[in-house]
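Numbering (the numbering used here) for the sequence shown: 31 to 577.
Quick reminder that beta carbons are idealized off the backbone N, C-alpha and C, glycines included.
Please read all numbers here as calculations on a predicted model, not as lab measurements.
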Amino acid sequence: MRRRGRIGWCALFLACAPGPTERRDDGPPAERGAGIVVAAAQAAERTGSGDSVERVDRAGSGVWRGAGAANQPEPVARAESGASKDEERGAAAKRPEPAGGADRRGECLRRNAGAPARYARIVAAFCAEHHNLAGVGASLAIVEGDGPPFVATAGSACLAGQAVTADTRFRVGSITKLLTAALVLRQVDAGRLELDAEVARVLPELAAGVDERAGAITWRQLLTHTAGVPDPSPLELGAEWLTALGERPLWREPGALWSYSSDGYALVGAALARLREVEFSRLFADELLAPLGLGAAVLEPGLALRTGAACGHLGRGERARAFSVVDDLALGTGDARWTAPAGGAILAAAELVTAVRDLVDPGRSPLSPTARGELLAAEVPTFERPGERYGLGVRVRTSAGGPAIYGHSGATGDFAADLVFVPERKFAAAVLSNTGDPLRITVATVLQELVGVAPERAAAMRPPARYTGTYRAARLGEVVTISAQGAGLRLSAPGLGLAEVPLEHAGDDRFLAAKRPELGGFTFVFAGADARASDLRGHVFVGARVE
C-alpha cells in the first residue's frame with residue numbers, strides 16, 4: 031500500500047484522502063481492521079483507455095470540445111441511460127509505471143490538444159498523473175469567475191466501457207460534508223434550528239446512550255468535528271446504528287478537540303430527517319441540489335447508476351475488481367444509507383465546481399450572508415498540518431501572502447476526489463477519479479498555476495521526547511503508550527492487542543503503523559502550552575496525555 035501523507039501537497043492543505051485519522055467513506059473494503067477500509071487486491075497489470083476534454087456550460091447544453099472543434103460550441107446530449115457496467119473490471123492506481131506499453135499520457139494529451147493555453151501545464155500534469163497511476167478514469171473541472179467550467183476527462187467510466195465525459199458522475203466521498211453543512215444552514219436561514227442548540231432536542235436518542243455528555247452536543251460541534259463522537263465503520267455499527275453508536279463513550283468533552291467523525295455527520299442527517307419529517311435524500315435534493323441547479327446530481331445510487339455513473343475500482347489491471355455505485359455501497363457499508371450525509375453524493379466534476387462557486391457567491395447563493403459567513407468561518411484548528419483549520423464541512427488554509435484556500439478530500443476506497451476553492455476569486459477546481467488514488471499532483475499544479483500557491487513540504491519529525499508518554503483513551507478504558515526507539519516511535523495498546531508497533535513518520539505530526547495499514551494513521555496534537563503532545567488521535571481512539 032502506498033504511504034499516504036508524504037506528498038508535499040498534503041502538507042499544503044488537504045488530508046491525504048483519507049487523512050491519518052479520517053475513515054474512507056462508503057466504499058468497498060478488501061480488508062477491514064479497526065474499522066479502516068484498506069484497498070487490497072493489488073495486481074501487477076495495468077491497462078489503458080481513451081481520454082477527452084470538454085468545456086461545458088452550467089446547464090450542460092453546450093460543449094467546447096478540445097479536439098477538432100476549435101472554439102465552436104456543439105450541443106451534447108446528457109447521458110440519461112446506459113447504466114454503469116458493474117461486471118466490467120477496472121484498475122486502481124498505486125503509483126506504478128503502466129505495464130504493457132499503455133500510453134495513457136500520450137492519448138490523454140492528444141485528446142486534450144484543444145485545451146486553452148492557460149491550462150496547458152495543468153492538463154499535462156493531469157495526463158501524466160493519470161498515466162503514472164495507471165488510472166481507469168478521471169475528470170478535472172475548473173471554474174473561474176462567472177463563466178462555464180473547463181473540463182478535462184481521461185479514461186473510461188468502467189474499464190473497457192464508455193469514455194468518461196463531462197457528464198460522468200463519480201462518488202465524491204467526504205466532500206459531501208460541505209453540502210450537508212450547507213443544507214443545515216438552509217434550515218438555520220428558515221428559522222428551523224440554531225447552530226448552537228442541542229441536537230438531542232430533535233434526536234433524543236443522542237442523549238440516551240452511555241455517555242451523558244452527548245446530550246449537550248450541538249449542531250455546530252457535529253459540523254466542525256468537535257463533538258467528540260467516535261467514528262466506527264458502518265459494518266461495526268450495523269442496522270441499529272444509532273443505538274450502537276450510543277453505546278460508545280465520547281472520545282472527548284464536546285467542544286474540546288477537533289477529531290474527524292463521519293458518524294457525526296450521519297447524526298446530522300438523521301436529525302435533519304427527524305426535524306423535517308422527510309427522508310434525508312429528498313431534503314437534500316429539494317432544498318440544496320435544486321436551488322444550486324443540480325437536479326441530476328444524486329445521493330441515490332440506483333438513480334446514479336441509471337444515468338451513467340462511473341464504476342469504482344479496487345486493484346490493478348486484469349485482476350482488479352469493478353463496483354457499481356450500488357454494489358460498492360452494499361459491500362462497503364452493508365447498504366447503510368444512513369451514511370449518505372457524510373459521503374454519499376455522486377456528482378460530475380463540472381457540477382461540483384459550479385455548485386461550490388454558486389454556494390459561496392453572494393449573487394448566486396441560496397444561503398443568507400450570515401449563513402455563508404458561518405459556512406466559511408475558520409472555526410477550529412485541526413492540528414493535522416500547520417495552520418489548517420476547519421469550518422462547517424470544509425478545511426481552510428491561509429498561505430503566506432496568498433488567499434484563503436478552502437476545500438475537502440473524499441475517499442471511498444474505489445473512488446477518490448479533491449476539491450479546492452477560493453471564494454473571493456470565484457474559483458473552484460475538482461479532480462475526481464474512479465480508483466482509490468487521488469490525483470494530488472494535478473491539484474497542486476492547479477493551485478500553483480491559477481492561484482499562485484506553491485506546494486509546501488511537510489514538516490520534519492520533532493524530537494521523540496515530544497511524543498513519548500502515556501495517553502488515556504476513553505473508548506478503551508485504559509492507556510496507550512508511546513515509547514522511543516532510536517529516532518523513531520513505538521505504540522503499545524493492550525486494549526487493541528498492539529505491542530511495540532513501530533510508527534513511521536508521515537509528515538508534520540502524523541504517523542503510520544509500520545506494516546499495519548489496517549490501523550490507519552495517528553496524529554499527535556499539540557494543543558497546550560507544553561512542548562509535548564497533549565493528545566494522540568487514531569481512527570479508533572482519541573487519548574489525552576496523562577503523563
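- With 16 or more other CB atoms across the displayed protein chains lying within 10 angstroms of its CB, residue 486 is buried.
- Non-local C-beta neighbours of residue 514 in its own chain, meaning closer than 6 Å and more than five positions away in sequence, comprise 494 and 498, ordered along the chain.
- Residue 205 sits away from residue 459, with the two beta carbons spaced by 8 Å or more.
- In chain order, 471, 472 and 475 place their CB closer than 6 Å to the CB of residue 155, counting only its own chain and leaving out the 5 sequence neighbours on each side.
- Here residue 379 has 169, 171, 460 and 462 as same chain residues with Cβ atoms under 6 Å from its own Cβ, once five neighbours each way along the sequence are excluded.
- Contact annotation: residue 259 and residue 294 have beta-carbon atoms nearer than 8 Å.
- Take residue 153, set aside five residues on each side of it, and the residues of its chain with a beta-carbon closer than 6 Å to its own are 142, 145 and 182, in chain order.
- Going by C-alpha positions, residue 220 is about 44 Å away from residue 536.
- In this structure the segment 407 to 419 does not lie against the segment 269 to 282, because fewer than three pairs of beta carbons, one per stretch, are closer than 8 Å.
- Going by beta carbons, residue 446 and residue 209 fall outside the 8 Å limit.
- The shortest CA-to-CA distance from residue 305 to any of 147, 213 and 420 is the one to 213.
- Counting the other Cβ atoms within 10 Å of the Cβ of residue 577 gives fewer than 16, which makes it exposed.
- Scanning 508, 509, 543 and 427 for the CA closest to the CA of residue 519 turns up 543.
- The distance from the Cβ of residue 329 to that of residue 385 is about 14 Å, inconsistent with a contact at the 8 Å cut-off.
- DSSP places residue 160 within a helical segment (H, G or I) once states are collapsed to three.
- Cα atoms of residue 534 and residue 449: separation of roughly 28 Å, rounded to the nearest angstrom.
- Of all C-beta pairs linking the segment 260 to 275 to the segment 355 to 371, three or more are shorter than 8 Å, placing the two stretches in contact.
- Every unbroken stretch of the alpha helix (DSSP H) spanning 4 or more residues and falling wholly within the segment 228 to 253 is given here in chain order: 249 to 253.
- Here the alpha carbons of residue 257 and residue 193 stand approximately 43 Å from one another.
- Bridge partners of residue 515 according to DSSP: 518.
- By a beta-carbon distance limit of 8 Å, residue 224 contacts residue 218. Their separation comes to about 7 Å.
- Secondary structure at residue 503: strand, using DSSP grouped into helix, strand and coil.
- Here residue 483 is not near residue 573, since their CB atoms are 8 Å or more apart.
- As summarised for the segment 344 to 418, the continuous alpha helix (DSSP H) elements at least 4 residues long and confined to that stretch are 355 to 363, 370 to 373, 379 to 390 and 399 to 406, given in chain order.
- Cβ atoms of residue 228 and residue 211 stay farther apart than 8 Å, at about 18 Å.
- Taking C-beta atoms as the reference points, residue 138 and residue 341 fail to come closer than 8 Å.
- Annotation: the continuous alpha helix (DSSP H) that includes residue 137 extends over 134 to 141.
- Each residue's CA atom was taken as its position, placing residue 425 and residue 419 some 6 Å apart.
- For the options 178, 350, 287 and 394, the alpha carbon positioned closest to that of residue 567 is the one of 287.
- Around the beta carbon of residue 159, a 10 Å sphere encloses 16 or more other beta carbons of the protein chains shown; the residue is thus reported as buried.
- With a 10 Å radius around the Cβ and a threshold of 16 neighbouring Cβ atoms, residue 351 comes out buried.
- Closest by C-alpha distance to residue 417, out of 402, 436 and 401, is 436.
- DSSP assignment within the segment 518 to 562 yields no whole alpha helix (DSSP H) run of 4 residues or more.
- DSSP places residue 565 within a strand segment (E or B) once states are collapsed to three.
- In the same chain as residue 179, and ignoring 5 residues on each side of it, the C-beta atoms closer than 7 Å to its own belong to 86, 171, 172, 173, 380, 383 and 384, in chain order.
- Contact check for residue 422 against residue 457 fails: the beta carbons are separated by 8 Å or more.
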